[in-house]
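The sequence shown begins at 3 in the numbering used here and counts up by one.
Every residue, glycine too, gets a C-beta built ideally from N, C-alpha and C.
All values reported here derive from a predicted model rather than from experimental measurement.
First up is the structure itself, then whatever we jot down about it.
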Amino acid sequence: MLNSSSIPAGAELDPGVRDFIRITGEAYLTHGSGLERTTINARQIAEKVRAPWITGGPVMHAVTEHTVSTPHGGVRIRVYDPDGAGAKPALIYIHGGGWVMFSLDTHDRIMREYASRAGVCVVGVDYALSPEARFPVALEQIMAVVQHLRTHAADLNINSERLAIGGDSAGANLSLSTAIALRDAGQGSVLSGLILNYGAFGIDLSADDVRRYGGPDYMLTADEMAYFWSQYLARPEDQSDPRAVPLLADLHDLPPVFLCVPQCDVLTGQSMALDARLHAAGVETRAIVYAGASHSFLEAVSISRIAETAFNDAASWMRDRLSAR
Numbered sequence: 003m004l005n006s007s008s009i010p011a012g013a014e015l016d017p018g019v020r021d022f023i024r025i026t027g028e029a030y031l032t033h034g035s036g037l038e039r040t041t042i043n044a045r046q047i048a049e050k051v052r053a054p055w056i057t058g059g060p061v062m063h064a065v066t067e068h069t070v071s072t073p074h075g076g077v078r079i080r081v082y083d084p085d086g087a088g089a090k091p092a093l094i095y096i097h098g099g100g101w102v103m104f105s106l107d108t109h110d111r112i113m114r115e116y117a118s119r120a121g122v123c124v125v126g127v128d129y130a131l132s133p134e135a136r137f138p139v140a141l142e143q144i145m146a147v148v149q150h151l152r153t154h155a156a157d158l159n160i161n162s163e164r165l166a167i168g169g170d171s172a173g174a175n176l177s178l179s180t181a182i183a184l185r186d187a188g189q190g191s192v193l194s195g196l197i198l199n200y201g202a203f204g205i206d207l208s209a210d211d212v213r214r215y216g217g218p219d220y221m222l223t224a225d226e227m228a229y230f231w232s233q234y235l236a237r238p239e240d241q242s243d244p245r246a247v248p249l250l251a252d253l254h255d256l257p258p259v260f261l262c263v264p265q266c267d268v269l270t271g272q273s274m275a276l277d278a279r280l281h282a283a284g285v286e287t288r289a290i291v292y293a294g295a296s297h298s299f300l301e302a303v304s305i306s307r308i309a310e311t312a313f314n315d316a317a318s319w320m321r322d323r324l325s326a327r
């Protein structure tokens, strides 16, 4: 279990992560201040800025797209098959972006890395973004995708008995909330594991994390996180809804969890709090703190050894979990 001693002393960024933050920050600055952009414009800029980081990496045997019916309209999914072999386990991946931006395209390389390293199909979900589609729209869409994969697994070369879900930042929030909702619906056995990368699990931030890592030098600022929550939640009472804020939820009887925790992130304290609560609830959990890593650091895998290590750690954990059933 993580505690304060689990966080390495100092806050020197991994060289590759530092370059990732610098290059990405410079690219954003060419488009003006982030808080002055419209939502649509911010999304377009984000796609352009993130485009260089998805190039290269593993080549898939097949990448196909499908539309899944949900209570909130059709949702596009993208299925990455690394080798074309028989039906294999699958990771349902939920991209980050504060529930407001990013896409299957900004996270294309992340999904290919997981597919190749773990030998699984990865299913990316193009859920509806806020503020046009506020909580609980995205969560209910993802729930529908999980049910679709259970009933149409054979068509997608997937083993429906070996499904995991995971995501980064807001995607980690939605992944954990999906697992909780499935458990509450009596379907907790549907998922074999969760991969939660630098997730936003609660609204309140650690004062120490804000002081040390809440500024622009560490990829995600405290002001940005507050803005994202304001765009995602539909009503004031949603702030106390455990489906939106999973740190408030009962965490018993959840699938095993892999927590990827960057040292230098305004959300680090939330992963530590979640790890403690999962252990108290008896959930099998593996949490790793990556020294010198920041929010979004997995996107820097082309230049960062620490991102490479994090992918390999998660892939090894996933192989163990998904081969056990």
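Exposed unless 16 or more other CB atoms sit within 10 angstroms - verdict on residue i
i, result
"Arg-111", "buried"
"Glu-115", "buried"
"Val-61", "exposed"
"Arg-327", "In this prediction, Arg-327 scores a pLDDT of 43, lower than 50, which makes its location untrustworthy; the coordinate-derived value is nonetheless stated afterwards. Its Cβ having fewer than 16 others within 10 Å, Arg-327 is exposed."
"Leu-253", "buried"
"His-109", "buried"
"Thr-32", "exposed"
"Met-103", "buried"
"Gly-294", "buried"
"Met-145", "buried"
"Pro-84", "buried"
"Ile-94", "buried"
"Thr-153", "exposed"
"Asn-330", "Outside the displayed range of the chain (3 to 327) lies residue 330, so it cannot be described from this structure."
"Asp-206", "exposed"
Whether residue i touches residue j by CB criterion (7 Å)
i, j, result
"Ile-167", "Leu-193", "yes"
"Phe-230", "Gly-100", "yes"
"Pro-91", "Asn-159", "no"
"Ser-298", "Met-221", "yes"
"Leu-261", "Ser-242", "no"
"Gly-173", "Ile-96", "yes"
"His-74", "Val-139", "yes"
"Ser-232", "Ala-202", "no"
"Phe-313", "Tyr-234", "no"
"Ile-308", "Asp-16", "yes"
"Val-127", "Ser-296", "no"
"Leu-176", "Leu-141", "yes"
Candidates the options: closest to residue i by CA position
i, options, result
"Leu-256", "Thr-287, Gln-265, Asp-85", "Thr-287"
"Gly-58", "Trp-319, Ile-94, Ala-302, Ala-316", "Ala-302"
"Thr-72", "Gly-271, Ala-236, Leu-196, Leu-151", "Leu-151"
"Val-77", "Asp-83, Pro-84, His-68", "His-68"
"Ala-156", "Met-113, Ala-87, Ala-44, Cys-266", "Ala-87"
"Tyr-200", "Leu-15, Ile-182, Arg-214, Pro-264", "Pro-264"
"Asp-186", "Asp-277, Tyr-292, Leu-276, Arg-245", "Arg-245"
"Thr-311", "Leu-300, Arg-321, Met-320", "Leu-300"
"Ser-2", "Gln-143, Thr-41, Arg-164, Tyr-215", "Look at the range of the chain in this structure, 3 to 327, and you will see that residue 2 is not part of it."
"Gly-370", "Val-19, Val-268, Gly-18, Val-51", "Since the first residue of the chain shown is 3 and the last is 327, residue 370 is not available in this structure."
"Asp-315", "Ile-47, Arg-119, Glu-28, Ala-48", "Arg-119"
"Leu-280", "Glu-142, Ser-208, Pro-248, Val-148", "Pro-248"
"Gly-195", "Ala-89, Phe-22, Val-285, Asp-107", "Val-285"
"Ser-306", "Ser-318, Ala-317, Leu-269, Tyr-292", "Tyr-292"
"Asp-225", "Gly-190, Gln-143, Asp-211", "Asp-211"
Paired residues, beta bridge with residue i - DSSP
i, result
"Glu-49", "Note: Glu-49 sits in no beta bridge, so no partner."
"Asn-199", "Asp-170, Cys-262"
"Gly-126", "Arg-80, Tyr-95"
"Glu-310", "Glu-310 is not bridged to any residue."
"Val-268", "BP columns for Val-268 are empty, so no partner."
"Val-192", "According to DSSP, which records beta bridges pairwise, Val-192 is partnered with nothing at all."
"Ile-160", "Lys-90"
"Ser-232", "None; Ser-232 has no bridge partner."
"Leu-165", "Ala-92, Leu-193"
"Ile-290", "Cys-262"
"Ser-296", "Cys-266"
Host alpha helix (DSSP H) of residue i (start-end)
i, result
"Val-19", "17-31"
"Ile-94", "No alpha helix (DSSP H) holds Ile-94; the beta strand (DSSP E) holding it covers 90-96."
"Val-285", "From DSSP, Val-285 is part of no alpha helix (DSSP H); its letter is neither H nor E."
"Val-212", "209-215"
"Trp-101", "Neither: Trp-101 is in no alpha helix (DSSP H) and is coded neither H nor E."
"His-154", "139-154"
"Met-221", "Counting along the chain, Met-221 falls outside any alpha helix (DSSP H), and DSSP gives it neither H nor E."
"Ala-120", "110-120"
Start-to-end residues for the beta strand (DSSP E) that takes in residue i
i, result
"Tyr-82", "77-83"
"Thr-66", "64-70"
beta-carbon residue i near the ligand GDP non-hydrogen atom, thresh 6 Å
i, result
"Arg-52", "Looking at this structure, you won't find the ligand GDP or any other ligand, since it has none at all."
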